[in-house]
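Peer 1: For the sequence shown, this note's numbering assigns the number 2 to the initial residue and increments by one for each residue that follows. C-beta: ideal position from N, C-alpha, C; glycine also. Predicted model only: the values in this text are computed from it and were never measured.
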Amino acid sequence: QLGSVWQRAERLSQSVQNTVRKETERAQQRAQALAQRSKAVIRLPRLEKRIRLGDRVTFTLGCANLALTPYVFGALPGLFHLLHTAKVSFMVVTRFFVFRARKEHYYLFDFCYFANALLLYFIWREPTNATLFRAVFALSNGPLAWSILAFECSLVLHSLQHMTSVHIHHSPMLCTYIIRWHTPARFDGAVQPLPEGAVAGLAALLTEAMAFYLAWVLFYYTYIFMVASKRIKSRGYDTLFRFVMDKTPAGALLRVFPEALQPMAYMGMHLIFGMTGAAMTWLLYRSQVGHFAFIATMSMAAAWNASSYYFDYFASRYEEKLAKRVERHVERREKRAASSRRVPSAAVGAQADDGDSDGRHSDE
2 QLGSVWQRAE RLSQSVQNTV RKETERAQQR AQALAQRSKA VIRLPRLEKR IRLGDRVTFT
62 LGCANLALTP YVFGALPGLF HLLHTAKVSF MVVTRFFVFR ARKEHYYLFD FCYFANALLL
122 YFIWREPTNA TLFRAVFALS NGPLAWSILA FECSLVLHSL QHMTSVHIHH SPMLCTYIIR
182 WHTPARFDGA VQPLPEGAVA GLAALLTEAM AFYLAWVLFY YTYIFMVASK RIKSRGYDTL
242 FRFVMDKTPA GALLRVFPEA LQPMAYMGMH LIFGMTGAAM TWLLYRSQVG HFAFIATMSM
302 AAAWNASSYY FDYFASRYEE KLAKRVERHV ERREKRAASS RRVPSAAVGA QADDGDSDGR
362 HSDE
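#1: On a Cα-Cα basis, can you pick out the residue from F242, T240, H170, P259 that is closest to I296?
#2: Could you work out which residue in K104, M268, M276 is closest to M246 when comparing CA atoms only?
#3: Could you check if Y178 is buried or exposed, using at least 16 other CB atoms within 10 Å of its CB as the buried criterion?
#4: Indicate whether H168 and M276 have their beta-carbon atoms separated by less than 7 Å.
#5: Thinking F52 and T86 are a contact (beta carbons under 8 Å), I'd like their distance in whole angstroms, please.
#6: Is Q15 helix, strand or coil when you go by DSSP?
#7: Give the DSSP-derived three-state secondary structure of P196 in the structure shown.
#8: When the Cβ atoms of the region 73 to 80 are set against those of the region 182 to 192, are three or more pairs found closer than 8 Å?
#9: For the putative contact between L150 and A279, defined by C-beta atoms under 8 Å, what is the C-beta separation to the nearest angstrom?
#10: Name the residue from L67, N117, S141, N142 whose alpha carbon lies nearest to the alpha carbon of L156.
#11: Quick test of your reading: L145 and C113, contact by CB under 8 Å. State the CB separation rounded to the nearest angstrom.
#12: Out of curiosity, what's the CA-to-CA distance linking K322 and S172?
#13: Whole-angstrom Cβ separation of D189 and Y107, contact assumed at under 8 Å?
#14: Would you mind reading off the limits of the alpha helix (DSSP H) that contains P264?
#15: Which value, in whole angstroms, describes the spacing of the CA atoms of A370 and R236?
#16: Just tell me which of M299, A338, H330, S340 has its CA closest to the CA of W147.
#17: Indicate the three-state DSSP secondary structure (helix, strand or coil) for I179 in the structure shown.
#18: Output needed for L120: all residues of its chain with C-beta closer than 6 Å, excluding positions within five of it in sequence on either side, in chain order.
#19: Which same chain residues, not among the five before or five after R287, have their C-beta less than 8 Å away from its C-beta?
#20: Can you give me the start and stop residues for the alpha helix (DSSP H) that P376 sits inside?
#21: Could you tell me the distance, in whole angstroms, from the CA atom of V192 to the CA atom of P128?
#22: Hey, how far is the Cα of A116 from the Cα of Y221?
#23: Output the boundary residues of the alpha helix (DSSP H) element that contains R236.
#24: Just curious, the alpha helix (DSSP H) that L140 is in, first and last residue?
#25: Do you know how far the Cα of V257 is from the Cα of A118?
#26: Rounded to the nearest angstrom, how far is the Cβ of V99 from that of Q162, given a contact under 8 Å?
#27: Taking a contact to mean a Cβ-Cβ separation below 7 Å, would you say L206 touches A139 in this structure?
#28: Quick one: using the 10 Å Cβ neighbour count with 16 as the cut-off for buried, is H271 buried or exposed?
#29: What are the start and end residues of each continuous alpha helix (DSSP H) run of 4 or more residues lying completely inside the region 62 to 135, in chain order?
#30: Considering only residues of the same chain and omitting the five flanking positions on each side of S166, which have a CB-CB separation below 7 Å?
#31: How is the alpha helix (DSSP H) around I149 delimited, first residue to last?
#32: L158 and G63: beta carbons closer than 7 Å?
#33: Cβ of N142 within 7 Å of Cβ of T249?
#34: Do you know whose CA, among S230, F274, L241, lies nearest L215's CA?
#35: Following the continuous alpha helix (DSSP H) through D189, name the residue where it begins and the one where it ends.
#36: Who are the Cβ neighbours of A351 in its own chain at under 7 Å, not counting the five residues just before and after it?
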C-alpha cells in the first residue's frame with residue numbers, strides 16, 4: 002500500500018511539474034507577444050512619419066513629372082518616346098509587385114497593358130511600319146483614351162498607383178500625337194495618309210486595330226476564363242472582369258446574362274467599347290487641332306477626377322487610410338515575429354513528452 006501511495010504521489014508530482022512547465026512556457030510566450038506589441042506601438046509614430054514621407058516624395062515626383070512631360074512634349078518631341086518608355090517600364094514593373102502582393106496581378110493581362118506593349122514594340126522594333134502605326138494610333142486614342150473616363154483615372158499626385166493608371170492610358174496619346182504630326186526621323190515612313198473618303202479611311206484604321214483587338218480578346222478569354230480559371234478562383238485572385246461585375250454599372254447589365262455566358266458577354270462588351278472608340282480616331286488622324294483638343298479634354302478629365310478624389314475623399318479619409326496602412330505594417334511584423342518564435346518552440350517540444358507537445362501546438 003505504501004508503494005502504491007508513493008507511485009501516485011510521483012505521478013501527481015510529475016503532473017504538477019508538467020502543468021507548471023506548460024504554464025511557464027505560455028506565460029513566456031505571452032510576455033514575448035506583449036513585448037513585441039509594445040515595441041510596435043512605440044514604433045507607430047515613426048512608421049506613420051515614414052509613410053507620410055513616402056507620400057510626400059511621390060507627390061513631389063508627380064509635380065516634377067507634370068513639368069517634365071509637357072516640356073519634352075513641346076521642346077524635345079524627338080525624345081518623347083524615350084521618356085514614355087522609361088516611365089511606362091518603371092511604373093508597370095512596380096505595379097506588378099504591388100498587385101502581386103494584393104493578389105491583383107491578373108489585372109496586368111487586361112487590354113491597356115497589351116496596347117502599351119504593342120506601342121513599345123512599334124517604337125523599338127517596327128518604327129517605320131505604317132500598318133502597325135495606324136493600329137497603334139487607333140488603339141491609343143480610342144479605347145485606351147476613353148478608359149480615362151470609363152475607369153475614372155485620377156491625377157492623384159501622391160499615389161504612384163493612380164499616376165500609373167493615368168500614364169498607361171494618357172501617355173500613348175501624347176506619343177502617337179508626336180509621331181503623327183511631327184514625325185521624328187526615327188519614324189520616317191510610319192505616317193501615311195488614309196485612303197480618300199470617310200468609309201475607306203475608317204476601314205483602313207479599323208481593319209488593323211480590329212486584328213490586334215481580336216487577337217487580345219481570344220488570348221484573354223482562353224487564358225483567364227479557361228486555362229487559369231480554377232487557379233484564379235482557388236487562390237482568390239482578382240481580375241478586371243470581377244471588378245467590372247462587382248463595382249461598375251456595366252456589371253448590372255452583364256448579370257442579365259446566365260452566369261455561364263457572362264464572360265463571353267463581357268468580352269463582347271469590351272470589343273464593342275474598343276471598336277467604337279477606335280472608330281472615332283478617324284477624325285483625330287485627319288485633324289491636328291482636333292487631336293490636340295481631344296488630348297486636352299482627356300487631360301482635364303483626369304485632373305477633374307483627381308479634384309473629386311482630393312476634396313470629396315482624400316481630405317476626410319487620408320488619416321483613416323494611414324491608420325490602416327500602419328496596422329498592416331504592424332500585422333506583417335507580428336507574423337514575422339511569430340514565425341521566428343515557432344523555431345525554438347519546436348525545439349522545446351522535441352524534448353517534452355507527447356502530452357506536452359499536443360498542448361503547446363493547440364495553444365499556438
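Peer 2: Result, derived from the coordinates:
#1: For this step, residue 296 is matched to residue 295 along the sequence shown. The candidate whose alpha carbon is nearest that of I296 is H170.
#2: Translated into positions along the sequence shown, residue 246 becomes position 245. The candidate whose alpha carbon is nearest that of M246 is M268.
#3: Indexing the sequence shown from 1 puts residue 178 at position 177. Counting Cβ neighbours within 10 Å, Y178 comes out buried, since at least 16 surround it.
#4: Here residue 168 corresponds to residue number 167 of the sequence shown, with the count starting at 1. Here residue 276 corresponds to residue number 275 of the sequence shown, with the count starting at 1. Not closer than 7 Å, so no.
#5: In the sequence shown, counting from the first residue as 1, residue 52 sits at position 51. In the sequence shown, counting from the first residue as 1, residue 86 sits at position 85. Looking at the sequence itself, residue 52 is Ile, so the reference to Phe does not match. That pair is no contact at about 30 Å.
#6: As a working note, residue 15 is residue 14 in the sequence shown. DSSP places Q15 in helix when its eight states are reduced to three.
#7: As a first step, residue 196 must be located in the sequence shown, where it is residue number 195. Looking at P196 - three-state DSSP - the assignment turns out to be coil, as it is neither helix nor strand.
#8: yes
#9: On the sequence shown, residue 150 is found 149 positions in, with the first residue counted as 1. On the sequence shown, residue 279 is found 278 positions in, with the first residue counted as 1. About 15 Å separates the two Cβ atoms, so there is no contact after all.
#10: As a working note, residue 156 is residue 155 in the sequence shown. Minimum Cα distance to L156 is reached at L67.
#11: For the purposes of this step, residue 145 is taken as residue 144 along the sequence shown, with counting starting at 1. For the purposes of this step, residue 113 is taken as residue 112 along the sequence shown, with counting starting at 1. Indeed, because the Cβ distance is near 6 Å, the residues count as touching under 8 Å.
#12: Taking the sequence shown and counting its residues from 1, one reaches residue 322 at position 321. Taking the sequence shown and counting its residues from 1, one reaches residue 172 at position 171. Rounded to the nearest angstrom, the two C-alpha atoms are 29 Å apart.
#13: Here residue 189 refers to the residue found at position 188 of the sequence shown. Here residue 107 refers to the residue found at position 106 of the sequence shown. Not a contact, Cβ separation roughly 39 Å.
#14: Translated into the one-based positions of the sequence shown, residue 264 becomes position 263. Start and end: 263 to 287.
#15: Residue 370 is absent from the model: the chain starts at 2 and stops at 365.
#16: As a position in the sequence shown, residue 147 is number 146, starting the count at 1. Of the listed residues, the one whose Cα sits closest to W147 is M299.
#17: Within the sequence shown, numbered from 1, the residue matching residue 179 stands at position 178. Three-state DSSP puts I179 in a helix.
#18: Residue mapping note: residue 120 aligns to position 119 of the sequence shown, counting from 1. Excluding residues within five positions, the ones whose Cβ falls inside 6 Å are V137, P173.
#19: Position 286 of the sequence shown, counted from the first residue, corresponds to residue 287. These residues qualify, in order along the chain: L195, G202.
#20: Given that the chain is displayed from residue 2 to residue 365, the structure contains no residue 376 and the question cannot be resolved.
#21: The count along the sequence shown starts at 1 and reaches residue 192 at position 191. The count along the sequence shown starts at 1 and reaches residue 128 at position 127. Cα to Cα, V192 sits roughly 10 Å from P128.
#22: Counting from one through the sequence shown, the residue named residue 116 turns up at place 115. Counting from one through the sequence shown, the residue named residue 221 turns up at place 220. One C-alpha to the other measures close to 13 Å.
#23: Indexing the sequence shown from 1 puts residue 236 at position 235. Segment: none, R236 is in no alpha helix (DSSP H) and carries neither H nor E.
#24: Within the sequence shown, the letter at position 139 stands for residue 140. It spans 131 to 140 - the alpha helix (DSSP H) in which L140 sits, taken as one unbroken run.
#25: Stepping through the sequence shown from its first residue, residue 118 is reached at position 117. Stepping through the sequence shown from its first residue, residue 257 is reached at position 256. When rounded, the distance between both Cα atoms is 34 Å.
#26: In the sequence shown, the residue the question calls residue 99 occupies position 98. In the sequence shown, the residue the question calls residue 162 occupies position 161. Confirmed, about 7 Å.
#27: Sequence index remark: in the sequence shown, residue 206 carries index 205 (1-based). Sequence index remark: in the sequence shown, residue 139 carries index 138 (1-based). Yes, the Cβ-Cβ distance between L206 and A139 is below 7 Å.
#28: For the purposes of this step, residue 271 is taken as residue 270 along the sequence shown, with counting starting at 1. Classification of H271: buried, given that the 10 Å Cβ count is 16 or more.
#29: 81 to 102, 112 to 126
#30: Numbered from its first residue, the sequence shown carries residue 166 at position 165. These residues qualify, in order along the chain: C154.
#31: For this step, residue 149 is matched to residue 148 along the sequence shown. First-last of the alpha helix (DSSP H) with I149: 146 to 151.
#32: Sequence index remark: in the sequence shown, residue 158 carries index 157 (1-based). Sequence index remark: in the sequence shown, residue 63 carries index 62 (1-based). Yes, these two residues count as a Cβ contact at 7 Å.
#33: In the sequence shown, residue 142 corresponds to position 141, counting from 1. In the sequence shown, residue 249 corresponds to position 248, counting from 1. The answer is no: Cβ separation not under 7 Å.
#34: By 1-based counting over the sequence shown, the position of residue 215 is 214. For L215, the nearest C-alpha among the options comes from F274.
#35: The residue labelled residue 189 in the question sits at position 188 within the sequence shown. Looking at the DSSP string, D189 is not in any alpha helix (DSSP H), and its letter there is neither H nor E.
#36: Counted from its first residue, the sequence shown places residue 351 at position 350. Bear in mind that a pLDDT of 41 at A351, under 50, signals an unreliable position, so the number given afterwards is only what the model happens to contain. No residues qualify anywhere along the chain.
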